[in-house]
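Only one structure is covered here, and it is reproduced in the block below.
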Amino acid sequence: MAKKLKVGVIGLGSMGSTHLDIYSQISEVEVVAVADPKKNRLDGSSKAEGNISGQAQGSVVGFEAKKYLDGMDLINDPDIELVDICVGTNLHFVFVEAALAKGKHVLVEKPLARTYDEAKKIVELALNSSTNIMSAMCLRYWPAWVWLKKVIDSKQYGRCLSLTCKRQTSHPPGTFYSNDDECGGALLDLHVHDTDFINYCFGMPKAVFSQGYKGPSGGIDHVATHYIYDQSQNAPLVTAEGTWTMQEGYGFNMSYTANFEKATACYLLDDEETLTLFRSSYEPEIIKLDEGMGYEFEIRSFVDEILRGEKSDMTLLNQAAKSIAIIEAEQVSIRSCSVVTLSV
Ligand SMILES: NC(=O)c1ccc[n+]([C@@H]2O[C@H](COP(=O)([O-])OP(=O)(O)OC[C@H]3O[C@@H](n4cnc5c(N)ncnc54)[C@H](O)[C@@H]3O)[C@@H](O)[C@H]2O)c1
667 MAKKLKVGVI
677 GLGSMGSTHL
687 DIYSQISEVE
697 VVAVADPKKN
707 RLDGSSKAEG
717 NISGQAQGSV
727 VGFEAKKYLD
737 GMDLINDPDI
747 ELVDICVGTN
757 LHFVFVEAAL
767 AKGKHVLVEK
777 PLARTYDEAK
787 KIVELALNSS
797 TNIMSAMCLR
807 YWPAWVWLKK
817 VIDSKQYGRC
827 LSLTCKRQTS
837 HPPGTFYSND
847 DECGGALLDL
857 HVHDTDFINY
867 CFGMPKAVFS
877 QGYKGPSGGI
887 DHVATHYIYD
897 QSQNAPLVTA
907 EGTWTMQEGY
917 GFNMSYTANF
927 EKATACYLLD
937 DEETLTLFRS
947 SYEPEIIKLD
957 EGMGYEFEIR
967 SFVDEILRGE
977 KSDMTLLNQA
987 AKSIAIIEAE
997 QVSIRSCSVV
1007 TLSV
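When you read off a place in the sequence shown, starting at 1, and then add 666, the result is the number in the numbering used here.
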């Protein structure tokens, strides 16, 4: 039997248990250790919940794994080849730095780090490392967004004239999401998905103009941004709104409307998931999407890359870092109520 890739998961909250669920479905992988300071998470008697149906389905119950109360001890375990970091964003940098120093492959949940300064340092460390690293920007792997990126790049329906993204939910539970210093508010934690996808599709904007207000995290928990690209050069009109200030019970939704020269694509994920394509002289068409969440395709792709012995594409990591620079410019724009130029 082929040797399995030995994985250790740090942090057994909503994302740690989502990742455990996915690893349990990948035959080439064995989760050999988990870490969390909460004993009830380590023994499986307390389980985190996700805000999207299908998240947080994994459990530590039912398989043998070493259990550590601190993620640093897991990193020091010589058995582990891939360290999967699912702790709060404020801890990403220290754990990534330690894991790369020990020669481990690293999967780190999004956003790459709490600040752009930390994210830049991670990129530098990764460039000097022989192992693989992925920032888990899951939208890049989410079927409806993969479809969108493909039609933007191929210009199958002509040039993309405009893209509007929206992401709305009520405030997630837990102390991490109630502390802006740790999570960066909905601005960094939630809205970074759309900011990063926009950066991934169209590159760095010249400037941003954002408005927003504070909420339960103490930071910006509702934001709306114009990403300013040069329209004299046929660049699209791009906007995104993200919030977790909706009243309890509202649920979660994410959506986009992309207008092309020859088609309009509308995507909505709430209780169901629908992508509809409108074209003049055609009946509206429901686009059939691959089944599964972005997390699944993202983790499979990272594991395959490691098993094939391929080095990670540093452009993707660099882009994930720069997306944090855009978020920080959005924050300055909200504070100053002005257009903020990006210089990175
Ligand atoms: N990709 C996505 O769609 C998505 C969704 C939700 C959260 N996230 C990201 O995932 C990360 C974690 O979010 P979450 O919702 O799972 O948070 P969470 O608070 O539910 O879980 C974090 C876990 O880390 C544990 N932890 C804290 N310090 C630790 C240490 N020193 N060693 C080991 N474990 C430690 C905590 O006890 C907790 O169980 C955040 O960066 C968040 O932004 C990504």
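The C-beta atom is built at its ideal place from N, Cα and C for all residues, glycine as well.
The beta strand (DSSP E) enclosing residue i, as first and last residue numbers
{"i": "D750", "result": "748 to 751"}
{"i": "A699", "result": "695 to 701"}
{"i": "C849", "result": "Segment 846 to 849 is the alpha helix (DSSP H) holding C849; no beta strand (DSSP E) there."}
{"i": "L640", "result": "Shown here, the chain extends from 667 to 1010; a query on residue 640 therefore has no answer."}
{"i": "K732", "result": "732 to 734"}
{"i": "E726", "result": "Reading the sequence as shown, one finds Val at residue 726 and not Glu. Run containing V726: none; DSSP gives neither H nor E here."}
{"i": "V675", "result": "671 to 676"}
{"i": "E939", "result": "939 to 944"}
{"i": "L935", "result": "930 to 935"}
{"i": "I886", "result": "886 to 894"}
{"i": "A924", "result": "918 to 926"}
Beta-carbon separation (whole angstroms), residue i vs residue j, contact threshold 8 Å
{"i": "P871", "j": "I894", "result": "5 Å"}
{"i": "G710", "j": "V726", "result": "5 Å"}
{"i": "A995", "j": "V874", "result": "5 Å"}
{"i": "S836", "j": "G915", "result": "7 Å"}
{"i": "Y823", "j": "K928", "result": "5 Å"}
{"i": "V698", "j": "A731", "result": "6 Å"}
{"i": "E848", "j": "N756", "result": "4 Å"}
{"i": "S921", "j": "Y933", "result": "6 Å"}
{"i": "I676", "j": "L773", "result": "That pair is no contact at about 10 Å."}
{"i": "F761", "j": "V753", "result": "6 Å"}
{"i": "P631", "j": "N706", "result": "Outside the displayed span of the chain (667 to 1010) sits residue 631, for which this structure offers no information."}
{"i": "L748", "j": "I993", "result": "Not really, about 27 Å apart at Cβ, beyond 8 Å."}
{"i": "A1014", "j": "C1003", "result": "Only positions 667 to 1010 of the chain appear in the structure, and residue 1014 is not among them; the question remains open."}
{"i": "T940", "j": "T930", "result": "That belief does not hold up - the Cβ atoms of T940 and T930 are roughly 14 Å apart, past 8 Å."}
{"i": "G917", "j": "D936", "result": "6 Å"}
{"i": "I673", "j": "D750", "result": "The residue asked about is misnamed: residue 673 is Val in this sequence, not Ile. About 6 Å separates the two Cβ atoms, so the contact holds."}
Simplified DSSP state of residue i, which is helix, strand or coil
{"i": "M912", "result": "strand"}
{"i": "C1003", "result": "coil"}
{"i": "S795", "result": "coil"}
{"i": "E957", "result": "coil"}
{"i": "A873", "result": "strand"}
{"i": "V1010", "result": "coil"}
{"i": "D979", "result": "coil"}
{"i": "M681", "result": "helix"}
{"i": "L708", "result": "helix"}
{"i": "Y823", "result": "coil"}
{"i": "I993", "result": "helix"}
{"i": "N880", "result": "Per the sequence shown, residue 880 should be read as Lys rather than Asn. K880: strand per DSSP, three-state reduction."}
{"i": "A802", "result": "strand"}
{"i": "A901", "result": "coil"}
{"i": "A906", "result": "strand"}
{"i": "Q985", "result": "helix"}
{"i": "R974", "result": "coil"}
{"i": "D745", "result": "coil"}
{"i": "T755", "result": "helix"}
{"i": "V965", "result": "In the sequence as displayed, the identity of residue 965 is Ile instead of Val. Three-state DSSP puts I965 in a helix."}
{"i": "A668", "result": "coil"}
{"i": "L854", "result": "helix"}
{"i": "L686", "result": "helix"}
Residue range of the unbroken alpha helix (DSSP H) whose run includes residue i
{"i": "R833", "result": "Premise fails: R833 lies in the beta strand (DSSP E), 826 to 836, not in any alpha helix (DSSP H)."}
{"i": "F868", "result": "858 to 868"}
{"i": "D740", "result": "Just to set this straight, residue 740 is Leu in the shown sequence, not Asp. Element bounds for L740: 737 to 741."}
{"i": "S820", "result": "809 to 820"}
{"i": "E715", "result": "No alpha helix (DSSP H) contains E715, which DSSP labels as neither H nor E."}
{"i": "E949", "result": "Where E949 is concerned, there is no enclosing alpha helix (DSSP H), given that its DSSP letter is neither H nor E."}
{"i": "A764", "result": "758 to 767"}
Residue burial classification, residue i (beta-carbon count within 10 angstroms, cutoff 16)
{"i": "R806", "result": "buried"}
{"i": "Y734", "result": "buried"}
{"i": "I952", "result": "exposed"}
{"i": "C826", "result": "buried"}
{"i": "L793", "result": "exposed"}
{"i": "M800", "result": "buried"}
{"i": "P902", "result": "buried"}
{"i": "S978", "result": "buried"}
{"i": "Y782", "result": "buried"}
{"i": "V1006", "result": "buried"}
{"i": "D846", "result": "buried"}
{"i": "Q834", "result": "buried"}
beta-carbon residue i near ligand 2 non-hydrogen atom, thresh 7 Å
{"i": "S680", "result": "In the structure shown, ligand 2 is absent; the only ligands present are ligand 1."}
> Can we say the region 851 to 863 touches the region 764 to 771, given the rule of at least three CB pairs closer than 8 Å?
Replying inline: The region 851 to 863 vs the region 764 to 771: no contact.
>> So, does the region 984 to 993 touch the region 677 to 688, judging by three or more C-beta pairs under 8 Å?
In response: No, because fewer than three Cβ pairs between the region 984 to 993 and the region 677 to 688 fall closer than 8 Å, the two stretches do not touch.
> Would you say the region 876 to 885 touches the region 787 to 799, given that touching needs at least three Cβ pairs under 8 Å?
Replying inline: When Cβ pairs closer than 8 Å are counted between the two stretches, the region 876 to 885 is seen not to touch the region 787 to 799, the count staying below three.
>> Does the contact criterion of 3 or more C-beta pairs under 8 Å hold for the region 956 to 964 versus the region 792 to 807?
In response: Touching, per the Cβ criterion.
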